[in-house]
Structure formats: C-alpha cells, structure tokens
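Okay, so here's the structure we're looking at.
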C-alpha cells in the first residue's frame, strides 16, 4: 500500500529533510508540498539539491485536498502550527515538528512560549514523539508532537538513568552544543557567516531555553517528583549536529550498564564501549544517536555524552520513524541509511 503524504512548511530545513527521507521510502508518496512566501515555486528552485526528484509544486495550505492524504507532516513555526492543525480534517493523521503540542500543560506552554494555547482539544490527544519511549502510544495516535532536537538529545542520555535511580536527581548539568541549522532557515543577523564563524557562544543562559519545559515535564514524570536540570546550550559554527555533555553523580559502570540495557534492542540508539565518546561526525545525516560514558577523575561522578543529527534523529528522521508506526509500517523503513563521513 502506498501512503499519500503532505508536508506543510516544505521550504524550511526540516521540510527539505523530510523530502530527502521520504523520497526513498518504498510505501510513501509525496502528494502535496506547501510553503507560504514560496508558493508557486518548484522544489528545485528552493532546494537545487532536490532537482532530480519529481515533486509537486509548492502551494498554499488551503489549496491542498486533504481527502486524499493519509498523513501530514507539519513543519511550521510554533503558534502557526496550532492554528493550522486545529483546522485540518479531524481524521487526518498528523506528525507536528513544531513546539506547539509538546507540553501537556497549557500553562507551561504559555510560560515557555509566551502565548496562550489556542488548540487545547488537539493538545489533549497529542502524544509526545520520543519514539523509543512512547512507541505503543504513537502506534495508535492521530496527532504526534515531535520533540525539540536539544530535548531529544538530553533525554536519550538521561531518561534510563532517571528511571533506574542510578544518578543523583538534584545534581544534573547538561552542556549542549548545537549546529546552526537548529535555528531554522530564516535570515538572522547573528547567523551570518561573518558573525558566526570562527567562534561559538552560549545562549539562553540561566534557564530560559524553551526546551527546559520538555526536560521538566518528562524528567519529573519519570521520577515521580520535580526534577530540574542545569542546562546551557551553545551555538557552534557547524551545519548539522548536536553534542550533549551531561555531568552526573553516580557510578560510571552502573550508568553505562543501565544505558546499554535500555537501548540493547533499539535500532537507532548505539551505545559505545565504556570510556569511548561519540562525535557529531559519526551520526551526520543519519537517524542514529550515539552515546558514550566515561568515569570522571572525581570518584562517584560520571560524564555521559550523546550525539545526533538535529535535522534527522532530532527532527525529520524522528518524524518519519513516528509516521511509520502510525501507518503500520516497519519502524525503520526509509531510515537505515549510513551516516555521511567525512
């Protein structure tokens, strides 16, 4: 069976990544692509690297006939997504890549994103899209909320450790480096090559980053009590990739064993041997997450490092992994490509 797919917001980085992945999926066909300012243009005009593909012309959302669509990926900005999704057919399967349905508490959404949620009915049915931990819920979901790419990376490093109680929950430091594509494709002065290259900088320092809402929600749910991590993201002059370095209190071998056991059967999460650490080079362009554990020189402390591609495993690859489950496909279909190296 061939599933008809629509991608809303196809002119952004995550939209282009979805096209790249779905183009090789044996049971999916891209039937509609939307953009706002670029409506009427062909995809090869927007993304010349996709010119070999036979793709629909970009159009406005209201020009799409959703009666023939099996699943829709929504790669729109937050706030826009909730407005668009609430107006889509109620039987349409949707994977949302924005932040609009990640936080279950409407007040938490307002706190972190600065505006009231306007699609509470859809929020109530949304399933959080971290595939490895919500797999069964995702299979039966109509609406799946993709995670933040930073939030996904930190959770892969920490969720099994919090569940198993092998680390001190009151002393978790998460230092994260993320590539510039995580900021989207819109023109921003601080992302100009002359201002970004040859250095990197911390941002949202002191607990203001929006993905903290996801960490608070998910880690506290796992622990059965409030858990807050100390988190600082950094913008690095690279196109793709996230590297999360997590400092925790606990026995390093027990931490490695816990993570290795948790991910032993997971196709896309790879544990490195004890003492080895991952690199963003080794996951680039892939749906894999690599995790390493090293003992610190201070007894009773350990360092957990996780790496993934923010556009693939952190966003569009995760979205396709979830869509496969929602449509009854093998979860790994279209996603087993090897990372690009060098």
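In the numbering used here, the protein residues as written are 1 to 342. Each residue gets a CB set at the ideal place from its N, CA and C atoms; glycine is no exception.
> Which residue or residues does DSSP assign as beta-bridge partners of residue 143?
Replying inline: Residue 143 is bridged to 94.
> What residue does the alpha helix (DSSP H) around residue 260 start on, and which one ends it?
Replying inline: For residue 260, the uninterrupted alpha helix (DSSP H) run begins and ends at 252-262, by DSSP.
>> Along the chain, where does the alpha helix (DSSP H) containing residue 309 start, and where does it finish?
In response: Taken as a continuous stretch (DSSP letters only), residue 309 belongs to no alpha helix (DSSP H), as it is neither H nor E.
> Below 8 Å between beta carbons: does that hold for residue 181 and residue 311?
Replying inline: yes
> Can you tell which of 96, 118, 283, 7 has its C-alpha closest to the C-alpha of residue 66?
Replying inline: It is 7 whose Cα lies nearest to the Cα of residue 66.
>> I'd like to confirm the pairing. Which residues does DSSP put opposite residue 173 in its beta bridges?
In response: 230, 247
>> For residue 123 and residue 58, what's the separation of their Cα atoms in angstroms?
In response: 28 Å
> With 16 other CB atoms within 10 Å as the buried threshold, where does residue 177 fall?
Replying inline: buried
> Hey, would you say residue 64 sits closer than 8 Å to residue 108, going by beta carbons?
Replying inline: no
>> Can you give me the C-alpha to C-alpha distance between residue 340 and residue 309, rounded to a whole angstrom?
In response: 11 Å
> Just to confirm, are residue 14 and residue 261 a CB contact at a threshold of 8 Å?
Replying inline: No; because the gap between Cβ atoms is not below 8 Å, this pair is not in contact.
>> Report the start-end ranges of each alpha helix (DSSP H) in the segment 151-212 that is 4 residues or longer and not cut off at the edges.
In response: You should have 193-196.
>> Determine whether the beta carbon atoms of residue 101 and residue 143 lie at a separation below 8 Å.
In response: yes
> Quick one, are the C-beta atoms of residue 319 and residue 18 less than 8 Å apart?
Replying inline: yes
>> Excluding the 5 residues flanking residue 271 on each side, which residues of the same chain have their C-beta closer than 7 Å to its C-beta?
In response: 259, 260, 263, 291
> Residue range of the alpha helix (DSSP H) that residue 111 falls in?
Replying inline: 106-113
> Would residue 72 pass as a contact of residue 9 if the rule is Cβ separation under 8 Å?
Replying inline: no
> Would the C-beta of residue 243 count as close to the ligand SAH, meaning under 7 Å from any of its heavy atoms?
Replying inline: Absent from the structure shown: the ligand SAH. Ligands present: none.
> Which partner residues of residue 269 appear in the DSSP bridge assignment?
Replying inline: Paired residues: 289.
> If you check the beta carbons only, do residue 249 and residue 168 fall under 8 Å apart?
Replying inline: Less than 8 Å separates the beta-carbon of residue 249 from that of residue 168.
> If you draw a straight line from the alpha carbon of residue 68 to that of residue 4, how long is it in whole angstroms?
Replying inline: 7 Å
> When DSSP labels each residue in this structure, what does residue 14 get in the three-state scheme?
Replying inline: Shown here, residue 14 sits in a helix according to DSSP, grouped into three states.
>> Taking the alpha carbon of residue 183 as the reference point, which residue from 148, 337, 214 has its own alpha carbon closest?
In response: 148
>> Can you give me the C-alpha to C-alpha distance between residue 162 and residue 202, rounded to a whole angstrom?
In response: 26 Å
> What does DSSP give as the partner residues of residue 34 in its beta bridges?
Replying inline: 8, 59
> When the Cα atoms are used, what is the spatial distance from residue 305 to residue 40?
Replying inline: 44 Å
>> Restricting to Cα atoms, I'd like to know which of 150, 273, 253, 225 is closest to residue 234.
In response: 150
>> Taking the alpha carbon of residue 29 as the reference point, which residue from 52, 61, 70, 62 has its own alpha carbon closest?
In response: 70
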